[in-house]
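Per my numbering, numbering of the sequence shown is gapless, rising by one per residue and ending at 261.
Don't be surprised by glycine CBs; every beta carbon is placed ideally from N, CA and C.
Since the model is a prediction, treat every value here as computed from it, not as a measurement.
To start, the structure itself, in structure tokens.
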Amino acid sequence: MLTQEEKWYLDLNGFMVVRDVVPSSELEQMKAQLLEWYRWEESQFELPMRINNQPGKPWWVYNMHYGHPVFQRLILNPEILRVATALTWNQPRVFDVVANICYSEANGLHLHGGHKGWFRSPYHQYQVANDQIFASFFNLSVSLVDVPLGNGFACLPGSHKSNFECPEYVTMDDEPPTVRNISVNAGDIIIFLPNTRHAGRRWTHLGYPRMTVFLRWMYAKQFHHADSA
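What follows is the structure in structure tokens.
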């Protein structure tokens, strides 16, 4: 269940932050495991795990919950499940489990997502009625490190409700009020809704890389009706 303040903030902005969700002991395990995988060759991973490693871009690893139980425990974290069950009306399904490591040499992830102007199904995406929020799909990012201001997650607040495509001249490095950059600490989570236009600013901190786990959730009854349990 979300608090009234959380519902108000999420509905207004299209994202929200929940602080101190993941214990430090779990964070250290995840960081150590990701850094170990970072040194592996692609051939060392067994499916469904895989990586995406391109020059000048963040390093990505997929389906880590098949490779180490600490990521399984992350999915079952009580605070994460509190949010996931609330937004999907007690029908959450993990759609994607990925992580990335960003060093200062990697480019940022430019603004993406957001409405393109098509008609929307009233049964999908984002709806609010009777004091309840429903999201058929949403992202949840878990920061494994402290992210100073000017780095990391940025978005266009309220863009989840926009009915028009974002102008091309708006970039992830623009200043408020159009673009907002969110500073988080290790163990904090950011929830952002479908159609919230968002980005990952270039990592400029030289002391350590940015390390983030992304859990993408969906409404379980939306697809695979026969096995939605």
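Determine the DSSP secondary structure at residue 86, reduced to helix, strand or coil.
Looking up residue 86 in the sequence shown gives position 54. The answer is coil: DSSP assigns residue 86 none of H, G, I, E or B.
By Cβ distance below 6 Å, which residues in the same chain neighbour residue 229 in space, the five residues on each side in sequence not counted?
In the sequence shown, counting from the first residue as 1, residue 229 sits at position 197. Excluding sequence neighbours, residue 229 sits near 143, 145, 146, 188, 191 and 198.
Pull up the distance between the alpha-carbon of residue 95 and that of residue 185, whole angstroms please.
In the sequence shown, the residue the question calls residue 95 occupies position 63. In the sequence shown, the residue the question calls residue 185 occupies position 153. Going from the Cα of residue 95 to the Cα of residue 185 covers about 22 Å.
Give the single residue among 37, 42, 50 and 40 whose Cα lies nearest to the Cα of residue 219.
Counting from 1 along the sequence shown, the entry for residue 219 is found at position 187. When only C-alpha atoms are compared, the closest one is 50.
Rank 126, 243, 100 and 168 by C-alpha distance to the C-alpha of residue 175 and give the top, closest one.
Mapped onto the sequence shown, residue 175 falls at position 143. The residue with the shortest Cα to Cα distance from residue 175 is 243.
Between the segment 198-207 and the segment 78-98, do at least 3 Cβ pairs fall closer than 8 Å?
These segments do not touch.
Label residue 35 either buried or exposed according to how many other C-beta atoms from any shown protein chain fall within 10 Å of its C-beta, with 16 as the threshold for buried.
In the sequence shown, counting from the first residue as 1, residue 35 sits at position 3. Residue 35 comes out exposed.
So, with DSSP's three-state summary, where would you put residue 203?
Here residue 203 corresponds to residue number 171 of the sequence shown, with the count starting at 1. Correct three-state label for residue 203: coil.
Please classify residue 210 as buried or exposed, where buried requires at least 16 neighbouring CB atoms within 10 angstroms.
Walking along the sequence shown from the start, residue 210 turns up at place 178. Looking at its Cβ environment, which holds fewer than 16 other Cβ atoms inside 10 Å, residue 210 is exposed.
Just tell me which of 235, 221 and 204 has its CA closest to the CA of residue 116.
Taking the first residue of the sequence shown as 1, we reach residue 116 at position 84. Residue 221 is the option with its Cα nearest to residue 116.
Measure the beta-carbon distance from residue 168 to residue 251 and round it to whole angstroms, keeping in mind my assumption that it falls under 8 Å.
Counting from 1 along the sequence shown, the entry for residue 168 is found at position 136. Counting from 1 along the sequence shown, the entry for residue 251 is found at position 219. So it is a contact: roughly 4 Å between Cβ atoms.
Which of the three DSSP states, helix, strand or coil, is assigned to residue 144?
As a working mapping, residue 144 is identified with position 112 in the sequence shown. Reduced to three states, the DSSP call for residue 144 is strand.
Could you please give the first and the last residue of the uninterrupted alpha helix (DSSP H) stretch that includes residue 114?
On the sequence shown, position 82 is the one that residue 114 refers to. Residue 114 -> alpha helix (DSSP H) spans 110-119.
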